[in-house]
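Asks: Questions regarding the structure given below will be posed in turn.
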Amino acid sequence: MNFPKRENFKISEKLLVIVGSKNPVKVACTDSAFTEAFNRGFVVNGINASSQVSDQPRGDEETYLGARNRVVNAKKTFPEADYWVGIEGGIAEDEGGMYAFAWIYIEDKAGLNGKAKTGIFYLPEAIAKLIHSGMELGEADDQVFSQENSKQNGGSVGILTHGTITRQTYYNQAIILALIPFMNKELY
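Residue 171 in my numbering is what sits at position 187 of the sequence shown, and the numbering runs on without skipping anything.
Here it is, written out as structure tokens:
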């Protein structure tokens, strides 16, 4: 199968991408992923957009809804954009323990959408206990690992992999996967 060359995605004017969060990690990874996927520059800005879910979403459904709601609310706030991106981190549990993940939801001005989920990783029992007591994952990380504002830096994934995978690189791949429909509009 022949794939279109990445050069064919180049367009001279920069398109505007709005991220439904001012978290600098989420804005930076969105910028990086869009640039990689389309081989061009974008103007990427973050705005405060409500997820309308719990501060610590649990399970796929609530976490996905949070990402989608960030897009819906970002569109209401900033309808002039070309793309809107929602990134929502969540936790869930299975027989192996508590694990973390994130959902990515992207929409363009034509109404096309793309979605993807990051890989999962299991959290230490000390973190799980704090979350069960009502703490958010970022707060639990800060307490257990003596960090400050870790969710706007490397996050759990960065701490637990000793920086081998940063929060930005963790989200980056999932954002590119969520961009597949936009990179292949003829198929979607």
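Glycine included, each C-beta is placed from N, C-alpha and C at the ideal position.
1) From E120 to K59, what does the alpha carbon distance come to, in whole angstroms?
2) Please report the Cβ distance between I164 and I115, rounded to the nearest whole angstrom; I am assuming they are in contact, meaning their Cβ atoms lie under 8 Å.
3) Answer yes or no: do G98 and A162 have a C-beta to C-beta separation smaller than 8 Å?
4) For V55 versus V27, is the C-beta spacing smaller than 8 Å?
5) What residues in its chain sit with their C-beta under 6 Å from that of N53, if we drop five residues either side in the sequence?
6) From L(-1) to G147, what does the alpha carbon distance come to, in whole angstroms?
7) Would a C-beta distance cut-off of 8 Å place Q152 and A12 closer than the cut-off?
8) Along the chain, where does the alpha helix (DSSP H) containing L121 start, and where does it finish?
Replies: With the given structure in hand:
1) 27 Å
2) I164 to I115, Cβ: 32 Å. No contact.
3) yes
4) no
5) Within its own chain, the residues whose Cβ lies closer than 6 Å to the Cβ of N53, once the five positions on either side in sequence are excluded, are S35 and Q36, listed in chain order.
6) 31 Å
7) Yes, these two residues count as a Cβ contact at 8 Å.
8) For L121, the uninterrupted alpha helix (DSSP H) run begins and ends at L121 to F129, by DSSP.
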